[in-house]
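This report refers to the structure that appears directly beneath it.
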Amino acid sequence: MCGGRGTRLGGDVEKPLVPVAGTPMVERVVRALAESRVDDVHAVVSPHTPATRERLRERDGVAVIDAPGDGYVADLGHALARVERPVVTVASDLPLLAGDCVDRVLDRFAGASLAAYVSVDRKRRLGVSVDATATVDGRAVAPTGLNVVADAADEPIVCADDRLAVNVNRPRDHRVAAALAGAP
């Protein structure tokens, strides 16, 4: 999913193309998916991300889906209507994602949709923003942006991995991601 405006992040670069340690976030996510057991990669872009669309159309192994740009949920629904399930979904603002993170979530897949969360405490310890929360097994958690969508109801899983806790939505999140990615 790489069609958001990125208004909270600021700047004049489309959010998916914001570099973290010299590499655009969307490229980092595509690389992580290529290193995982995921077979096909589809990039869901919108009218808000024309430069991202053009960059990804030129990339081997990535199929581009043009969504209307009506928001994350609407664009996700648009994309899901065009792919076969089950499907891994991931937000392009998860620049520390790695193939092994994706595979660990896939290891938990047993037919029901999975929604990956991290603890709110983990996000606060790292100093990154917490925009949405839920409660899983009595713990305050936040969505990671990594999910497996199937036809059965959602099953929440809580992951203990800092790489899944850093969604770049604000300038501070960007600084934390860059530091964790080893940027000078």
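Numbered per UniProt numbering, the sequence shown spans residues 1 to 184. Positions of the beta carbon are idealized from the N, C-alpha and C atoms, including for glycine.
Beta-carbon proximity of V130 to R124, cut-off 8 Å: yes
Per-residue DSSP class, three states only, for A28: Correcting the residue identity first, residue 28 is Arg in this sequence and not Ala. Three-state DSSP puts R28 in a helix.
DSSP-derived helix/strand/coil call for L146: strand
Closest residue to V83 among D93, A67, G71 and P95 (Cα-Cα distance): A67
Extent of the continuous beta strand (DSSP E) run through residue 185: This structure cannot settle anything about residue 185, because the visible part of the chain is limited to 1 through 184.
Neighbourhood of A43 by C-beta distance below 6 Å, restricted to the same chain and skipping five residues each side: C2, L56, V62 and V64
V102 versus R31, T7 and A179, residue with shortest Cα-Cα distance: R31
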